[in-house]
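Report on one structure; see the data block that follows.
Set out below in structure tokens:
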């Protein structure tokens, strides 16, 4: 409840009115009668949104304007800094929560929202006190909140083919975001993923643009409200973001932050399909993509960000960058980049670089290097959205009617989540009509995903990658096993759970739940789509029941279609459940019949992505695509009983784990390895040809003659920022038994860098072991060919996990250098091997 105002001295009363929605001429009763005072009149809602925003802009100082176009991560900014810098926005990144931990209570979210609101609206320094916007990645429900409904990831929702359902999901998500005091959601993702090796495939509704287009407007309206209505952006509604503009789903080889190639018109027809409906629904923000089109970074692509998005499509909101995405424009850094603003980015997402960026932008605005007219344009767009959303007339989050823990995870909201699970399931196989399950039968449930909320929810859940989450960290969530158990008990049956597949009483049917472990972008990128080989633990589990002549129902949890032919062969029924979220009971609704064994809900999901017949990962798209085991649109229901022949178990990929030690031969990646170039523009540019370069040109390679024609690779670092060459394995190598071995390199140093020349190995995101070659080897004879070797212990000492090496060679420099390499391999250490002993 608000604290009642006490009438005090005249100046205090005037202050009260200045901070209220009232204004103009105020008559105050005094001992001598009515006294008229003048109070500054703030704009009122009767004024047009545009006029009110323009009035605010005209009153802003240059410092306030620069602050408005910056967005800082809550882990890197304090409320005091928000006040001091007049920041226009904050966000909570995938690994940020109030208090600095992984999770926080709803009350803590609201309290921090209050603190930021109060700091941004403070006028004691003479500023205007414009409230900030807090944005979050509630991409499948408000997934940072332990009690929130976590919906199926987009790939599953695409299988539902139900725009109305998507609108209701968006409405629930918006209300739960509002309940924590936040204003803005970075959703929906409108990517049209074409290469399922991309680690963000599950964030795409479909490989087909028509499905994405059919959903986008419904989602935006569900999140923001009906354009032009009194409730638009008010109450339980939030600002929506169409992302990532544009082409993020079409990158070459499915590489995150990669390059999408082709004619602009063709690319737009495929990847731009979701944006016109979103703009027609008056989406208030658009997020620029990390990716590039034909080598040009989207954060710097004016022809698309400005000419296309605003001029042709008529977008009237503001463009926000992605996480330090401006820094990937050639010539830019995280703290210095006017190019993004010039191209059409209105708000920089500068999570921990915002201070340096603020200073550089302010200096350049004062010097004239930054066009202040373009700055005003960006600020005006942000202010317009703030006015339009009612933010300027609101109260702090804790006083809003939409706030409160009781608004999150309600029975009504969970019912929408459960419906979404039911409609997202796709039945791929149902031999002999084993499904639906009769609750009178003896059922065993097993598999890594049977009782795992983490595996059901996947990435972007409680943290960025969605890993390390225990069941007790979720409130109200239900596992697939729990859902099946409740359904059986409700109809007089019993279900047992086994962690390893063992049992005391022989089951009539076994339900095996398994699939991918959680991942998000980058870590989720793959070189192929083979789920597991013939020695896989899930296949062994399923086949153990097959050998006992016990029928198996397989529930596959994944963020993309994968090659699972051996598992399909070994199972009697196979369900693609995608990443269903917290409402595991929705799986049971479809799998478990009533007391008579009749279906309670049928399968309605149809594949929104083609299912591959081979595991090589080459794109397979379209209803008639060659290479599809199950085509786009496929899906059985209980009226159709499938019986199909045994599938080929040749994945089309060499799955052998043998490694002869060869990493690079004659200047080219050996065997199953692939060579990549990376810089601050893009870390994952394939370089199969001798003549290759990174996206910004910070590193390039070419062929050099050594013992034969072009049998060595020259690696040239331009000095325009940190860059690297990496040689990567298709799946992680376990080198833990070779710690005493050495990495041998036959190479020539033509030009040493001024700074470090790091060599090492990588074991994934934030996992590597690098050492400075200049400090290890004597390069006095820099112009001659040489053979050097260094113990793998050196890399282990530097942080490498030898049990999961995904790149057995990385070469990195941040200044100009030229190195030529002929051969790299693992060998036994010898007397000349550098040991790097602790």
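Residue numbers (our numbering): 85 to 922.
For each residue, glycine too, the CB sits at the ideal point set by N, CA and C.
Residue 136 and residue 202 have their C-alpha atoms spaced approximately 21 Å apart. Three or more Cβ pairs closer than 8 Å define a contact, and the region 516 to 531 falls short of that threshold against the region 251 to 271. Boundaries of the alpha helix (DSSP H) harbouring residue 673: 669 to 675, taken from the DSSP string. Distance check between residue 673 and each of 506, 390, 292 places 506 closest, using alpha-carbon atoms only. Sequence-distant Cβ neighbours of residue 757 in its own chain, meaning closer than 7 Å and more than five residues away, are 747, 811, 812, 813. If you draw a straight line from the Cα of residue 429 to the Cα of residue 376, it comes to about 15 Å.
For the options 418, 424, 450, the alpha carbon positioned closest to that of residue 437 is the one of 418. Uninterrupted alpha helix (DSSP H) stretches at least 4 residues long and entirely within the region 153 to 178 occur at 163 to 169, given in chain order.
Under DSSP, no beta-bridge partner is assigned to residue 498. DSSP, reduced to helix, strand and coil, places residue 557 within a helical segment of the structure shown. Per DSSP, residue 390 lies in no beta strand (DSSP E) and is assigned neither H nor E. C-alpha of residue 846 to C-alpha of residue 853: approximately 6 Å in a straight line.
For the alpha helix (DSSP H) assignment, the uninterrupted runs of no fewer than 4 residues enclosed by the region 432 to 493 are, from N- to C-terminal side, 438 to 451, 456 to 472.
For residue 907, the uninterrupted beta strand (DSSP E) segment begins and ends at 901 to 912. One alpha carbon belongs to residue 287, the other to residue 702, and they sit about 19 Å apart. If you check the CB distance, residue 820 and residue 886 come in under 8 Å. Beta-bridge partners assigned by DSSP to residue 843: 855, 895. For residue 858, same chain residues with a beta-carbon under 6 Å away, outside a window of 5 residues either side, are 841 in chain order.
Distance from the CA of residue 196 to the CA of residue 182, rounded to the nearest whole angstrom, comes to 7 Å.
Apart from the 5 residues on each side of it in sequence, residue 357 sits with its Cβ closer than 6 Å to the Cβ of 293, 296, 297 in its chain, given in chain order. In the same chain as residue 215, and ignoring 5 residues on each side of it, the C-beta atoms closer than 8 Å to its own belong to 201, 204, 205, 470, 475, 476, 478, in chain order.
Taking the Cα of residue 670 as reference, the smallest distance to any Cα among 657, 658, 684, 680 is reached at 684. Restricting attention to beta strand (DSSP E) runs no shorter than 3 residues, the region 216 to 275 encloses them at 217 to 220, ordered along the chain.
By the Cβ neighbour-count rule, residue 171 is buried, with 16 or more other Cβ atoms within 10 Å of its own.
Counting only the Cα atoms, residue 410 lies some 8 Å from residue 384. Counting C-beta pairs with one atom in each stretch, the region 698 to 713 and the region 537 to 555 have fewer than three that are closer than 8 Å, which means they do not touch. DSSP, read as helix, strand or coil, puts residue 135 in helix.
If you compare the alpha carbons of 769, 154, 386, 682 with that of residue 335, the shortest gap goes to 769. Within the model, the alpha-carbon separation for residue 459 versus residue 432 is close to 12 Å.
Contiguous alpha helix (DSSP H) elements confined to the region 506 to 562 occur at 537 to 541, taking only those with 4 or more residues. A residue is called buried once 16 or more other Cβ atoms fall within 10 Å of its Cβ, and residue 366 is buried on that count. At least 8 Å separates the beta-carbon of residue 613 from that of residue 643. Under the DSSP assignment, residue 881 falls outside any beta strand (DSSP E), being part of the alpha helix (DSSP H) whose first and last residues are 876 to 881. The alpha-carbon of residue 464 is positioned some 12 Å away from that of residue 143.
Close CB contacts of residue 745 within its chain, under the 6 Å cut and outside five residues either way in sequence, are with 909, 910 (chain order). Three or more Cβ pairs closer than 8 Å define a contact, and the region 485 to 495 meets that threshold against the region 227 to 234.
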